[in-house]
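100 is the number that my numbering gives to position 51 of the sequence shown; each next residue is one higher, with no gaps. Every residue gets a Cβ at the ideal spot worked out from N, C-alpha and C, and that includes glycine. Source: prediction; values computed, not measured.
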Amino acid sequence: MTGTNRRLLDAGTVLGCPHGGRVTAATPPSGGVRVAGAAVATAAHSYVVTGCPHTVHRVPSPCVTVRWTADTTGITVDGAPVLLDTSAAQCFSAAFVPQGPPVVQGAQRKVTVR
Numbered sequence: 050m051t052g053t054n055r056r057l058l059d060a061g062t063v064l065g066c067p068h069g070g071r072v073t074a075a076t077p078p079s080g081g082v083r084v085a086g087a088a089v090a091t092a093a094h095s096y097v098v099t100g101c102p103h104t105v106h107r108v109p110s111p112c113v114t115v116r117w118t119a120d121t122t123g124i125t126v127d128g129a130p131v132l133l134d135t136s137a138a139q140c141f142s143a144a145f146v147p148q149g150p151p152v153v154q155g156a157q158r159k160v161t162v163r
């Protein structure tokens, strides 16, 4: 069976909202599991969005947070599923309105899922 290559998200991964805002970890990935010195990101970490210019009918409605639904690969760090570039996620406004998936602009390490 051939595996699927996916990219592992870590503390150095560059993420953005679909409108150009910057996504950063509110609770930075830390802990004992690192890839090339960068801590592996998991579904247990919180992510915030800054600088989102999104408006709805000329009313600012910026993305402010990202919620991830981790893949069911079985790969965990400290009991939490790791985040991959294919993990489902959604950016939300302050009113919890879904505003689209985040954009993974750069993920470093490949993992093979079988």
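By the beta-carbon neighbour count (other beta carbons within 10 angstroms, threshold 16), Thr62 is buried. For Gln139, the beta-bridge partners assigned by DSSP are Arg116. Less than 8 Å divides the Cβ of His94 from the Cβ of Ala74.
Closest by C-alpha distance to Thr99, out of Asp127, Val131, Cys66, is Cys66. By the criterion of a C-beta distance shorter than 8 Å, Val115 is surrounded in its chain by Leu64, Cys66, Val72, Tyr96, Val97, Val98, Ala138, Gln139, Cys140, Phe141, Pro151, once the five residues flanking it on both sides are discounted. Minimum Cα-Cα distance from Val126 among the listed residues Ala92, Ala60, His68 corresponds to Ala92.
In the structure shown, the three-state DSSP call for Arg107 is coil. Boundaries of the beta strand (DSSP E) around Pro147: 147-149.
Listed in chain order, the non-local C-beta contacts of Ala87 below 6 Å within the same chain comprise Asp59, Ala60, Gly61, local neighbours out to five positions each way being set aside.
For Gly65, the enclosing beta strand (DSSP E) starts and ends at 63-65. Rounded to whole angstroms, the separation of the alpha carbons of Pro130 and Gly123 is 7 Å.
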